[in-house]
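Chemist: In the working numbering, the protein residues as written are 459 to 629. Glycine included, every Cβ here is placed at the ideal spot set by N, Cα and C. The structure displayed is predicted, hence computed values, not measured ones. A single structure is presented below for examination.
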């Protein structure tokens with residue numbers, strides 16, 4: 459079943475937002491690398507890669523529905539940060555923005571009776587709960603550390619162990 463023009467536009471906006479999220483995370487990775495926290499920088503790079511996989515899930519859905527996926531304009535992220543806490547708070551704010559966008563996309567699909575989008579959107583609703591919980595937990599830990607050097611270095615080491623997302627997750 460082909461997506462309505464309204465849903466196609468909304469899915470394309472989500473595709474653009476996922477690419478924007480990737481760029482936000484890439485910029486945060488740069489910022490943390492400049493702070494000599496290569497492990498946290500790696501965590502942000504892996505998160506950026508995961509956002510690309512998310513964009514591809516939406517692209518595949520739009521294409522599979524015989525519509526035309528399009529990437530809109532993506533502004534360069536203004537994510538210069540002064541601390542690890544700033545970086546993770548920026549990440550959490552962006553995840554919350556993405557979550558709300560997905561909820562709105564779900565609402566729109568429901569209002570149009572588009573049952574075929576439910577599996578994908580249900581997956582993303584669950585994914586966003588996990589994303590927000592993960593980043594929120596890290597924010598809490600960073601607050602607990604309170605810019606303590608040894609604590610930050612331990613967190614840096616731990617977050618640097620995050621494995622890269624598997625490319626096979628695109629479908």
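Going by CA-CA distance only, name the one from 543, 504, 551 and 566 that's closest to residue 609.
Modeler: 543
Chemist: Under 7 Å between C-beta atoms, does residue 510 make it to chain D?
Modeler: In summary, chain D is missing from the structure at hand, where a single protein chain is found.
Chemist: Here's the rule: buried if 16 or more other CB atoms are within 10 angstroms of the residue's CB, otherwise exposed. What is residue 526?
Modeler: exposed
Chemist: Once you ignore the five residues that flank residue 520 on each side, which residues in its own chain have a CB closer than 6 Å to its CB?
Modeler: 469 and 527
Chemist: As an exercise, report each continuous alpha helix (DSSP H) stretch of at least 4 residues that is fully enclosed by the stretch 581 to 627, in chain order.
Modeler: 607 to 617
Chemist: Entirely within the stretch 537 to 585 and at least 3 residues each: give me those beta strand (DSSP E) ranges in chain order.
Modeler: Secondary structure in the stretch 537 to 585: no beta strand (DSSP E) run of 3 residues or longer lies completely within the stretch.
Chemist: Is the stretch 468 to 485 close to the stretch 543 to 553, with three or more CB pairs under 8 Å?
Modeler: yes
Chemist: Less than 6 Å between C-beta atoms, sequence neighbours within five positions excluded: which residues of the same chain meet that for residue 503?
Modeler: 487
Chemist: So residue 603 packs on residue 617, CB below 8 Å; how close in whole Å?
Modeler: Rounded, the Cβ-Cβ distance is 12 Å, inconsistent with contact.
Chemist: Going by alpha carbons, who is nearest to residue 475 out of 605, 558 and 522?
Modeler: With distances taken between Cα atoms, residue 475 lies closest to 558.
Chemist: Roughly how many whole angstroms lie between the Cα atoms of residue 583 and residue 561?
Modeler: So the two alpha carbons sit approximately 7 Å from each other.
Chemist: In angstroms with no decimal places, state the Cα-to-Cα distance between residue 517 and residue 473.
Modeler: 7 Å
Chemist: Name the two residues that bound the continuous alpha helix (DSSP H) containing residue 498.
Modeler: Its alpha helix (DSSP H) spans residues 496 to 522.
Chemist: Thinking C-beta only, is residue 460 closer than 7 Å to residue 524?
Modeler: yes
Chemist: From residue 491 to residue 499, what does the alpha carbon distance come to, in whole angstroms?
Modeler: 5 Å
Chemist: What is the rounded straight-line gap between the Cα of residue 529 and the Cα of residue 471?
Modeler: 8 Å
Chemist: Alpha carbon to alpha carbon, what distance is there between residue 556 and residue 567?
Modeler: 16 Å
Chemist: May I ask you to report which of helix, strand or coil DSSP gives residue 465?
Modeler: helix
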